[in-house]
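Here the sequence shown stands for residues 49 to 157, numbered as in our numbering.
All remarks here apply to the structure that follows.
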Amino acid sequence: MKLIIAVVQDQDSNRLSAALVEHNFRATKLASTGGFLKSGNTTFLIGTDDIRVDKALQIIKDNCQARDQLVTPVSPMGGNADSFVPYPVEVEVGGATVFVLPIEQFHNF
Ligand code: 2BA
């Protein structure tokens with residue numbers, strides 16, 4: 049058995065949730081925050097049999113899209129901030145960041 053941890057954008061979370069249910073996957077959604085952008089994202093915990101991992105990854109891939117997001121850098125620490133112009137920088141936020149972990153034990157009491 050494996051635990052899939054998938055960090056996805058909030059905009060994709062409902063669609064992904066529905067697709068997982070439709071394909072009979074069990075999942076838990078957690079509200080999370082990206083360390084870099086400090087904006088909300090959604091983390092899915094999906095416990096599944098080894099043979100269904102590829103199917104789950106395909107569903108995640110099909111339902112999550114990469115998007116560009118503008119980030120405005122904070123002013124520099126120290127030095128003269130008068131000449132600092134905080135130009136927004138565009139970063140591409142991935143469709144999904146996925147980790148697949150082995151599960152030692154699974155209990156559903
Ligand atoms: P954030 O940390 O808010 O990152 C959002 C996007 O900002 C990233 O997209 C990446 O394109 C960019 N970024 C992140 N750190 C950066 C840095 N130090 N310098 C320049 N650009 C940077 P993704 O890589 O697709 O990540 C989307 C979200 O997935 C992340 O949101 C974070 O919540 C999670 N994530 C990504 N990699 C992770 C990891 N290794 N461990 C845990 N969570 C991760």
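Note that the Cβ used here is the ideal one computed from N, Cα and C, for glycine as well.
Keep in mind that this is a model prediction, so the values were computed, not measured.
Beta carbon of residue i nearer than 8 Å to that of residue j
i: V141; j: R115; result: yes
i: V139; j: A54; result: no
i: G88; j: T96; result: no
i: V133; j: V119; result: no
i: L78; j: L93; result: yes
i: Q113; j: G143; result: yes
Residue i beta carbon near the ligand 2BA (any heavy atom closer than 7 Å)
i: N89; result: yes
i: V146; result: no
i: L85; result: yes
i: E14; result: The chain is shown only over 49 to 157; residue 14 falls outside these bounds and no answer can be derived.
i: V55; result: yes
i: G82; result: yes
Any C-beta of chain B under 8 Å from that of residue i
i: T145; result: In the displayed structure, chain B is absent; only one protein chain is listed.
First and last residue of the uninterrupted beta strand (DSSP E) at residue i
i: V148; result: 144 to 150
i: V137; result: 137 to 141
field: Continuous alpha helix (DSSP H) assignments of at least 4 residues falling wholly in the segment 53 to 116
entry: Segments of the alpha helix (DSSP H) lying fully in the segment 53 to 116: 58 to 70, 101 to 111.
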